[in-house]
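In what follows, a structure is listed as structure tokens, so that the remarks can point back to it.
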Amino acid sequence: MLRIAVDVFNRHGYDATSMGILAENLGISKSAIYHHVPSKGDLLKLALDHALGGLEAILEQPEATSGAADARLEFVLRQTVAVLVERLPFVTLLLRLRGNTEIERDALERRRTFDHKVAGLISAARDEGSLRADIDPRTVSRLLFGMINSIVEWYKPGGSLSPEKLADDVITVAFDGLHSKG
């Protein structure tokens, strides 16, 4: 039910999706939906918790909390790509939030907290001397997330680009750039 609801939210927009539209897409009555969840907002919260929970769990893993900052950053970025691909429709919904409801604002605040923690890793890696000091860490963070978040717009699961290769390519561009090594 949740996966179909997320697909409908992504297709129509959360605000434009009525319980009637959800019921039609689920092939059940509106009352059957209410038997499972109290409101459309509760479906949204469950979906956003699934997206954010995956991202937040990355930062709690040992590889994200100990060791050199650049290695921790690489781990976090690689795992962020993995969560994005694994939970693509859920993360797509998260990235399209506008902050129109309290549920959306809470999710956006959780996302900002995640982004700030990653920016902290970027600063730590710069302070350790493993990243360039001439680019502001906030700019680096925004550029990295711009690159990673754009994946929801073009990546096709099951296509020729595997999730692992996608993560490798993101890490290569982020850490080595585009210049050839020749």
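For the sequence shown, our numbering gives the first residue as 900, with consecutive numbering after it. Here a beta-carbon is modelled for each residue, glycine too, at the ideal position from N, C-alpha and C. None of the values given here were measured: they were computed from a predicted structure.
In the three-state scheme derived from DSSP, where H, G and I count as helix and E and B as strand, Glu1001 is classed as helix. Arg910 is the residue among Met900, Arg910 and Arg902 whose C-alpha sits nearest the C-alpha of Arg995. Annotation: the continuous alpha helix (DSSP H) that includes Ser1040 extends over Pro1036 to Asn1048. Restricting attention to Lys1055, Arg1031 and Leu943, the CA atom closest to the CA of Gly1076 is found in Arg1031. Linking Thr1038 to Arg971 through their CA atoms gives a straight-line distance of about 19 angstroms.
A direct Cα-to-Cα measurement between Glu955 and Phe1013 gives close to 7 angstroms. An exposed status is given to Glu1001, since fewer than 16 other beta-carbon atoms sit within 10 Å of its beta-carbon. Excluding its 5 nearest sequence neighbours in each direction, Met900 has C-beta neighbours in its own chain below 7 angstroms: Leu925 and His935, listed in chain order. With contacts defined by Cβ atoms closer than 8 angstroms, Leu992 and Ala950 form a contacting pair. Rounded to whole angstroms, the gap between the alpha carbons of Thr1071 and Val905 is 32 angstroms. By the neighbour-count criterion, in which a residue is buried when 16 or more other Cβ atoms sit within 10 angstroms of its Cβ, Gln978 is buried. For the region 1001-1027, not one full-length beta strand (DSSP E) segment reaches 3 residues or more. Glu1008 counts as exposed, since fewer than 16 other beta carbons sit within 10 angstroms of its beta carbon. Using a Cβ distance threshold of 8 angstroms, Phe974 and Glu985 do not count as a contacting pair.
DSSP places Leu1077 in the coil class of the three-state scheme, outside both helix and strand.
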